[in-house]
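Okay, structure first, notes after.
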């Protein structure tokens, strides 16, 4: 099994898996709340739970954004950085999740050379109206240092299940769980990049075969926008999972991962 934790082209990276085929996973907005190193507990969750379905068949790279992002960060500029990562890894399948899916869109349009197949999950060509409202609130809270509101607001927007909301909400209210992130401006710059994202003009130039995957109840990205995006990307398949929202990766984990693995095969 390949095991690695370090940096590739300046990006903190966790690598694991038994397969020969590289799978590069670009995480969502919450990645900007992390520090320089991935905690042992988080690594275990990634390997044994969230991304376990890919470990047998793929050489998995979970590639975070660089830390200390500049104020003028955009999803398009971040895609250029990820292209440098792929230059080092070589040909790979790419799975972008949430903000990672926004970045993946520009990776497919501007830097397709090393992208074998592309999965744009939990991300549309732009935030929905309600999505922009949510992210704007998180941004305002972050600017004023109210990080508990950022975390709790994220749970509220991510999970469609009241049980999941209650469980995570209770966890986040335990003493010491919510802290100011190591690089507060990374979240601020990343949230603004999400608000500014609109890839509508480049969708028709995305070259790799693409899977557009999302949840019908997503409050951050409208399912109809995902369907329209899938119809615009030249070689795309669209899959919208019912009875789940932005937290489809967990609430409908089996269906979510099976859709991806079936597409990648």
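Numbering (this note's numbering), first residue to last: 1 to 265.
Just so it is clear, CB atoms sit at the ideal spot from N, CA and C, and this is done for glycine as well.
These numbers were taken from a predicted model, which means no experiment stands behind them.
{"Asked": "Where does residue 18 land, buried or exposed, given buried means 16+ other C-beta within 10 angstroms?", "Found": "exposed"}
{"Asked": "For the stretch 63-125, list the alpha helix (DSSP H) runs that are entirely contained and at least 4 residues long, ordered along the chain.", "Found": "75-89, 99-110"}
{"Asked": "So what does DSSP say about residue 211, is it helix, strand or coil?", "Found": "strand"}
{"Asked": "If you draw a straight line from the alpha carbon of residue 57 to that of residue 262, how long is it in whole angstroms?", "Found": "12 angstroms"}
{"Asked": "Would you mind sorting residue 70 into buried or exposed? The rule is 16 or more other CB atoms within 10 Å of its CB.", "Found": "exposed"}
{"Asked": "Let me check one thing: in DSSP terms, what residues is residue 27 bridge-paired to?", "Found": "According to DSSP, which records beta bridges pairwise, residue 27 is partnered with nothing at all."}
{"Asked": "Taking DSSP as the reference, what is the three-state secondary structure of residue 9?", "Found": "coil"}
{"Asked": "Going by Cα to Cα distance, which pick from 110, 87, 211, 205 is closest to residue 122?", "Found": "211"}
{"Asked": "By a C-beta neighbour count over all protein chains shown, 10 Å radius and 16 as the cutoff for buried, is residue 101 buried or exposed?", "Found": "buried"}
{"Asked": "Can you say whether residue 88 is buried or exposed, counting buried as having 16 or more other CB atoms within 10 angstroms of its CB?", "Found": "exposed"}
{"Asked": "Between which residues of its own chain and residue 84 is the CB-CB distance below 7 angstroms, once the five residues before and five after are set aside?", "Found": "9"}
{"Asked": "Between the C-alpha atoms of residue 189 and residue 130, what's the straight-line distance to the nearest angstrom?", "Found": "20 angstroms"}
{"Asked": "Of all the options 241, 161, 194, which has the alpha carbon lying nearest to the alpha carbon of residue 29?", "Found": "194"}
{"Asked": "Would you check if the distance between the CB atom of residue 147 and the CB atom of residue 192 is smaller than 8 angstroms?", "Found": "no"}
{"Asked": "Give the straight-line distance between the Cα atoms of residue 74 and residue 50, rounded to the nearest whole angstrom.", "Found": "27 angstroms"}
{"Asked": "From the DSSP secondary-structure annotation, give me the bridge partner or partners of residue 60.", "Found": "16, 23"}
{"Asked": "Drop a sphere of 10 angstroms on the beta-carbon of residue 144, count the other beta-carbons inside from all chains shown, and report buried for 16 or more, exposed for fewer.", "Found": "exposed"}
{"Asked": "Could you say which of 264, 213, 260 lies nearest to residue 246 if we only look at CA atoms?", "Found": "213"}
{"Asked": "Locate the beta strand (DSSP E) running through residue 239, then write down its first and last residues.", "Found": "236-241"}
{"Asked": "Look up residue 206 in the DSSP assignment and say whether it is helix, strand or coil.", "Found": "coil"}
{"Asked": "Taking 7 angstroms as the cut-off, does the CB of residue 212 come closer than this to any heavy atom belonging to the ligand SAH?", "Found": "Summarising the ligand content, the structure contains no ligands, and the ligand SAH is consequently not present."}
{"Asked": "Tell me, to the nearest whole angstrom, how far the beta carbon of residue 60 is from that of residue 94; I am working on the premise that it is less than 8 angstroms.", "Found": "The Cβ separation is near 12 angstroms, so there is no contact."}
{"Asked": "Between which two residues does the alpha helix (DSSP H) carrying residue 229 extend?", "Found": "223-232"}
{"Asked": "In the DSSP assignment, the alpha helix (DSSP H) including residue 34 goes from what residue to what residue?", "Found": "Premise fails: residue 34 is in no alpha helix (DSSP H) and is neither H nor E."}
{"Asked": "Rounded to a whole number of angstroms, what is the C-alpha to C-alpha distance between residue 6 and residue 15?", "Found": "9 angstroms"}
{"Asked": "Who are the Cβ neighbours of residue 135 in its own chain at under 7 angstroms, not counting the five residues just before and after it?", "Found": "127, 191, 194, 195"}
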